[in-house]
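In my numbering, the protein residues as written are 357 to 1233.
Structure first, then comments.
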């Protein structure tokens, strides 16, 4: 037999750690079946740890599981289980026993009995003796624990009591204040997949001082012992208590549908409905005791799936199915929930799609839900895992949550999310189902690029550049839906900046590269087709530099024109004057807006109207046209023909522009803030405008400045109350009892502030981001002749249900004709970019849907009386 040590353990945490979906913890790759104990050998022997010897009030040695440590002070009086009272605010003069090893063993016996007494499972465990009797180790602690975890100690389940949390901290490297226990199958026969040895580590340090009998920690023991039997975590009801709150509500079905209940946190669901294998637990309340019992069907079914009795499958029913995207691709990682409509909190069973392959064979939408009560009326729906890491990588709902029904399809027009067909099966019967995420295959397509952050989108709409979550640069080809990671060949410098800019055809890119290997990046042009990199001139000879998240560089690169002839960004000059920084003083420098000729590599400083002077704080600041100062300025965008450059200043990114090299202060003249977009010909510049800041801010909508005539066109903006709520402190003045209108609010506040992000070549389509209190609140889009919409309205009217749970708060890339876009969601813990194919969109004319080219045909149709959107979705926002 070949034995192997299985991977790391799974921890049960306090309210700050992650969740695992129902199913097995480890899969035996040879058979693609879960690792299991061989229950035909009889009861699994359980070996229990000893504990530290602590003197009791009579001077006798007591083996202790939970110890109140010498020197500790408590802010309440503590009554020990033996009746001793320790007064509050008095440091303990010695260690005291709080729970004994005898009490810990009683809790262990109860947890063993919970799993052993499941009627439909053959699993049986029994207390067989002590670890000391098998190994000679009286008390497993930080000094000898490697003899347990680094050795095969013999058949059975080994329960270690970590009295002071030192094993957690010194062996596992986990703070004792964060984890309540760790357990896992440790050794297995690789030929058969039979588990031969498992361990559990129970954190005695975390026991609550009111838990004098160990009842509140009972759930930790039962939960960890489930892991030792190769059970994973599950999410059936626990999130109703531990994750839900008034602003993040949870539902025992599809939100908004009849019969679905809403949960807002503790006390909103019965405490006995929390499944034992939910990954959070409150050991300072009744929840901990409730989770110590195996009473919810989810736990009963999961242990029975691993160790079924001979009649388990014939006594109960099964749902066997697959989950697909709208394109028919299998979709792994989604929590699939079967809930009995007549007993929804006790009779609920969950399985994760693909949990029997755990990513080993690629996308797998398969799920099998056993243990259905014969004759029970079950609703089947999808629900994302709410937190944590998993054997099968969890995935988001890429459309909307929905129930399964007999008419299941991907069409939002035909498959209402609330349409539900009850699943009723007899004992031994299997109901086979297919389930699809809703989404139209025509019209606007909205596709998440998971764990990828795009930073530039070529104006032909065909390629994008970005970084993976691990920081690896890539080129994304939207025509092939492929990613090409940029692996550095010999002689090719590593790209340093995440804000690389591509020309219109994605044949050239402006980058930061360290060509000479001195650790300081420099502006360069990358010919993507030939993979050749040529350096751009640095006026400081690479002596002045600045560190950032992208590394140390002498230049910052922001944009490149359509044909790839001109690059804009900043170079640096020393604070002390001259052109070069002194050795080791590269950061003592300031940025100067710069344009580069990519053919010659020559740099030209954009200094018209700018003067760098000493500031009151001792650094260098910029005087603009002799009228106002900024801490810094930069050049960050260039028109397609290279004629007009715009840039930002430090103060709320106030906007500047250079037309044929001449400076215009468009913040001072027109209130331009945050960012600008430029027409291809450089003749028009659009920007969000505002006068004043803070409470005195007055939004002026989005303006377009004609660089040739100085004419200003106001494109307006979103409307208060109709598009955007208006808050003062915690009160929404749009609602009762205030009931203010847009006009009343706009009289003193102006329009909502709209930060423009990108546009097509002629500015007939402009995208942006709504800012409330300076924070991203929503995406915005302007269509000439239609006006401004929020992203919610734009995608909602088009029936793009995929945006419902992943609504972008900024469309940052727009192709030259406005039909392809890239969007993001600021604030997500992991990077995610959304590719938007808007070549075709819908209008509703005379009650009929018409699919037209976007934007020109759609805009023209709306001008002629059609409504923007699909007829059946005009109110879906």
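Beta carbons: idealized from backbone N, C-alpha and C, even for Gly.
Every value quoted in this text rests on a predicted model; they were computed, and no experiment measured them.
Residue from the options whose Cα sits closest to the Cα of residue i
i: residue 531; options: 666, 561 and 513; result: 561
i: residue 834; options: 471, 419, 1192 and 423; result: 1192
i: residue 1103; options: 1140, 1056 and 813; result: 1056
i: residue 466; options: 406, 502, 413 and 575; result: 575
i: residue 883; options: 903, 712, 765 and 955; result: 955
i: residue 975; options: 930, 578, 875 and 645; result: 930
i: residue 970; options: 595, 962, 987 and 981; result: 987
i: residue 354; options: 683, 764, 864 and 898; result: Look at the range of the chain in this structure, 357 to 1233, and you will see that residue 354 is not part of it.
i: residue 786; options: 1040, 670 and 434; result: 670
i: residue 499; options: 508, 518 and 484; result: 518
i: residue 950; options: 1002, 1207 and 1021; result: 1002
i: residue 405; options: 1149, 768, 555 and 1029; result: 555
i: residue 1169; options: 1142, 909, 1135 and 692; result: 1135
i: residue 1076; options: 977, 1064 and 1106; result: 1106
i: residue 390; options: 534, 659, 1108 and 567; result: 659
i: residue 1099; options: 1082, 1112 and 1113; result: 1082
i: residue 552; options: 399, 524, 533 and 916; result: 399
i: residue 781; options: 608, 702, 734 and 769; result: 734
i: residue 557; options: 568, 566 and 577; result: 577
i: residue 1120; options: 1172, 878, 920 and 480; result: 1172
i: residue 720; options: 727, 738 and 685; result: 685
i: residue 662; options: 608, 510 and 588; result: 588
i: residue 618; options: 701, 646 and 690; result: 701
Nonlocal neighbours in the same chain, by C-beta distance under 7 Å from residue i, ignoring five residues either side
i: residue 756; result: 773, 794, 1157, 1160 and 1161
i: residue 1220; result: none
i: residue 417; result: 409 and 411
i: residue 790; result: 677, 678, 680 and 764
i: residue 1163; result: 1147 and 1148
i: residue 1021; result: 980, 981 and 1012
i: residue 586; result: 380, 381, 382, 390, 391, 392, 541, 551 and 662
Same chain, Cβ closer than 6 Å to residue i, neighbours up to 5 away in sequence not counted
i: residue 847; result: Below a pLDDT of 50, predicted positions are generally treated as unreliable, and residue 847, at 41, falls in that range; no measurement from the model is reported.
i: residue 965; result: 981 and 1019
i: residue 655; result: 631, 632 and 633
i: residue 893; result: 957, 958 and 959
i: residue 426; result: 448, 450 and 451
i: residue 1213; result: none
i: residue 1141; result: 1215 and 1219
Contact belief for residue i with residue j at Cβ below 8 Å, rounded distance in angstroms
i: residue 403; j: residue 486; result: 6 Å
i: residue 715; j: residue 748; result: 6 Å
i: residue 990; j: residue 1032; result: With 8 Å as the limit, residue 990 and residue 1032 do not qualify as a contact, their Cβ atoms being about 12 Å apart.
i: residue 448; j: residue 428; result: 5 Å
i: residue 1074; j: residue 1014; result: With 8 Å as the limit, residue 1074 and residue 1014 do not qualify as a contact, their Cβ atoms being about 30 Å apart.
i: residue 559; j: residue 537; result: 6 Å
i: residue 909; j: residue 877; result: 4 Å
i: residue 460; j: residue 401; result: Going by Cβ atoms, the distance from residue 460 to residue 401 rounds to 18 Å, so no, they are not a contact pair.
i: residue 920; j: residue 864; result: 4 Å
Short CB-CB distance (under 8 Å) between residue i and chain D
i: residue 458; result: The chain labelled as chain D is not found in the depicted structure, where only one protein chain is given.
8 Å CB neighbourhood of residue i in its chain, flanking five on each side removed
i: residue 1206; result: 1198, 1199, 1200, 1217 and 1222
i: residue 385; result: 716
i: residue 642; result: 572 and 627
i: residue 1112; result: 1030, 1031, 1032, 1033, 1042, 1043, 1044, 1058, 1122, 1123 and 1124
Residues sharing a beta bridge with residue i, DSSP
i: residue 390; result: 383
i: residue 949; result: 926
i: residue 1125; result: 1111 and 1135
i: residue 989; result: 1005
i: residue 1087; result: 1084
i: residue 1076; result: 1080
i: residue 635; result: DSSP output for residue 635 lists no bridge partner at all.
i: residue 627; result: DSSP lists no partner for residue 627.
i: residue 765; result: BP columns for residue 765 are empty, so no partner.
i: residue 707; result: 692
i: residue 400; result: 481
Inter-stretch contact at 8 Å, needing at least 3 Cβ pairs: the region 577-596 / the region 629-637: Yes, the region 577-596 is in contact with the region 629-637.
Below 8 Å, how does it come out for the region 479-496 and the region 598-616: are there three or more Cβ pairs, yes or no? By the C-beta criterion, the region 479-496 is judged not to be in contact with the region 598-616, since fewer than 3 inter-stretch pairs fall below 8 Å.
Do the region 809-817 and the region 1198-1214 meet, that is, are 3 or more Cβ pairs less than 8 Å apart? no
Touch test, the region 884-898 against the region 856-870, Cβ-Cβ under 8 Å, three pairs minimum: Here the region 884-898 lies against the region 856-870, with 3 or more beta-carbon pairs under 8 Å apart.
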